[in-house]
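Contents: one structure, followed by commentary.
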Ligand code: F6R
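Numbering (full-length UniProt numbering), first residue to last: 247 to 602.
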């Protein structure tokens with residue numbers, strides 16, 4: 247039941263700290279060789295990340311951790327495009343699907359099997375077709391998610407996938423015991439970071455909504471590790487509000503999307519505090535954009551953000567700004583509520599997409 251929450255999505259956003267804490271309490275002590283060995287997989291030289299929508303975003307966030315900490319290159323592919331895309335021979339396919347029943351994903355798994363890729367699945371459903379068809383399975387333990395928009399399963403996939411990556415790098419000898427100890431402690435801190443982010447979003451987002459509710463379109467920007475979270479924020483906003491939302495790497499703006507910016511256009515920035523992002527922010531500001539910045543306190547100096555800047559605690563650098571997703575989820579939901587949308591059942595969408 248949704249208890250005292252106005253909708254399931256509100257409840258599931260709030261559950262994110264406990265989902266992380268529960269996962270880490272269960273798997274934290276095993277992260278390392280102990281978690282990796284039962285998979286029976288060699289340390290890969292390349293990763294092929296496969297999923298749809300929010301699950302693909304989670305996969306990209308996880309792959310970036312492997313690239314950052316272990317120098318492992320990756321390709322990410324929409325499940326529906328796998329058949330048409332050349333893959334790297336011998337690459338470990340990491341397939342993400344919260345339901346484990348998405349038709350595009352299962353078809354991709356067949357194509358990957360056909361090309362002899364080993365498959366590691368990250369799913370929230372241990373009884374799913376994906377879990378049955380993969381060589382190795384990590385269950386994300388998010389609990390049932392009723393809202394059609396994925397929220398806590400995204401966070402659970404990022405944390406579960408990160409646990410797998412750390413374990414893989416430990417088994418491959420890239421990380422030693424003391425590295426793992428330090429990184430696991432930092433991963434555990436994500437529960438608190440998410441809780442802090444929920445408080446920050448509750449404090450700042452409702453005041454922002456009245457000025458945004460009539461906007462026909464939104465631009466999301468991020469760079470480096472923040473980019474995928476900007477993409478996820480734009481996906482949440484469009485599916486819940488039925489408004490246009492585009493997400494770009496900040497540096498791409500001047501190569502086209504800048505033409506969209508006019509007086510009052512909301513530009514939502516996952517701010518990493520870098521000078522390069524600051525320059526982009528100035529560029530859209532100069533054209534009258536309404537800039538909303540999500541980032542750590544250090545990044546929200548008044549000169550470069552709105553007065554309603556949403557300050558987050560400093561996150562875990564190597565993980566990327568996972569906690570920024572909370573503010574983006576809350577923003578999408580609050581706007582949708584203000585527009586009278588059914589946030590748990592957006593039009594045209596289904597929780598589990600079992601048709602191709
Ligand atoms: C967005 C959303 C979808 C799903 C996608 C994949 O909020 O829920 O984009 O992420 O349909 O679903 P699963 O993870 O079940 O394969």
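Every residue gets a Cβ at the ideal spot worked out from N, C-alpha and C, and that includes glycine.
{"Check": "One or two residues paired with residue 537 in a DSSP bridge", "Outcome": "513"}
{"Check": "Segments of 4+ residues assigned as alpha helix (DSSP H) that fall wholly inside the stretch 413-457", "Outcome": "423-434"}
{"Check": "Cβ-based burial, residue 545 [other Cβ within 10 Å; buried from 16]", "Outcome": "Below a pLDDT of 50, predicted positions are generally treated as unreliable, and residue 545, at 39, falls in that range; the measurement from the model is reported next regardless. It is buried - the Cβ of residue 545 has at least 16 other Cβ atoms within 10 Å."}
{"Check": "Those runs of the beta strand (DSSP E) which lie wholly inside the stretch 271-311 and span at least 3 residues", "Outcome": "293-297"}
{"Check": "In DSSP terms, what residue 320 is bridged to", "Outcome": "293"}
{"Check": "Boundaries of the alpha helix (DSSP H) in which residue 494 is found, first to last residue", "Outcome": "Here residue 494 belongs to no alpha helix (DSSP H); instead the beta strand (DSSP E) covers 490-495."}
{"Check": "Assigned exposure category for residue 555 - 16 Cβ within 10 Å defines buried", "Outcome": "Because the pLDDT at residue 555 is just 49, under 50, the model does not fix this residue reliably, and the value given afterwards should be weighed accordingly. With 16 or more other Cβ atoms within 10 Å, it is buried."}
{"Check": "Cβ distance (whole Å) where residue 218 is taken to contact residue 320 below 8 Å", "Outcome": "Residue 218 cannot be examined here, being either before or after the span of the chain that is shown, 247 to 602."}
{"Check": "Alpha helix (DSSP H) segment containing residue 526, residue limits", "Outcome": "521-532"}
{"Check": "Element boundaries [alpha helix (DSSP H), containing residue 468]", "Outcome": "Not the alpha helix (DSSP H): residue 468 falls in the beta strand (DSSP E), residues 463-468."}
{"Check": "Contact the stretch 573-584 vs the stretch 482-491: 3+ CB pairs below 8 Å", "Outcome": "yes"}
{"Check": "Proximity test, residue 343 beta-carbon vs the ligand F6R heavy atom, cut-off 7 Å", "Outcome": "yes"}
{"Check": "Nonlocal neighbours in the same chain, by C-beta distance under 6 Å from residue 334, ignoring five residues either side", "Outcome": "292"}
{"Check": "Simplified DSSP assignment, three categories, for residue 362", "Outcome": "coil"}
{"Check": "Sequence-distant residues of the same chain with beta carbon closer than 6 Å to residue 550, five excluded per side", "Outcome": "Because the pLDDT at residue 550 is just 33, under 50, the model does not fix this residue reliably, and the value given afterwards should be weighed accordingly. These residues qualify, in order along the chain: 524 and 527."}
{"Check": "Closer than 7 Å: residue 598 CB and nearest the ligand F6R heavy atom", "Outcome": "yes"}
{"Check": "Host alpha helix (DSSP H) of residue 259 (start-end)", "Outcome": "254-260"}
{"Check": "Member of 398, 441, 361 and 440 whose CA lies at the smallest distance from the CA of residue 482", "Outcome": "398"}
{"Check": "Proximity test, residue 298 beta-carbon vs the ligand F6R heavy atom, cut-off 7 Å", "Outcome": "yes"}
{"Check": "Residue 473 beta carbon less than 8 Å from that of residue 512", "Outcome": "no"}
{"Check": "CB contact flag (residue 259, residue 294, <8 Å)", "Outcome": "no"}
{"Check": "Three or more C-beta pairs below 8 Å linking the stretch 463-480 and the stretch 495-515", "Outcome": "yes"}
{"Check": "The ligand F6R heavy atom lying under 7 Å from the CB of residue 348", "Outcome": "yes"}
{"Check": "Inter-residue spacing [alpha-carbon to alpha-carbon] between residue 351 and residue 409", "Outcome": "22 Å"}
{"Check": "Buried or exposed by the 16-neighbour rule on C-beta atoms within 10 Å, applied to residue 373", "Outcome": "exposed"}
{"Check": "The stretch 260-273 touching the stretch 304-318, judged by at least three CB pairs closer than 8 Å", "Outcome": "no"}
{"Check": "Rounded Cβ spacing between residue 343 and residue 366 (contact assumed at less than 8 Å)", "Outcome": "Contact doesn't hold; Cβ gap of about 12 Å is too wide."}
{"Check": "Per-residue burial, residue 360 [other beta carbons within 10 Å of its own, 16 or more giving buried]", "Outcome": "exposed"}
{"Check": "Counted within 10 angstroms of its Cβ, other Cβ atoms place residue 458 as buried (16 or more) or exposed", "Outcome": "buried"}
{"Check": "Beta-carbon gap between residue 589 and residue 253 smaller than 8 Å", "Outcome": "yes"}
{"Check": "Straight-line gap, residue 419 to residue 267 (C-alpha atoms, nearest Å)", "Outcome": "27 Å"}
{"Check": "Residue span of the alpha helix (DSSP H) that contains residue 583, given as start and end", "Outcome": "570-584"}
{"Check": "Contact check, residue 395 vs residue 599, beta carbons under 8 Å", "Outcome": "no"}
{"Check": "Residue from 477, 406, 586 and 392 with nearest C-alpha to residue 281", "Outcome": "406"}
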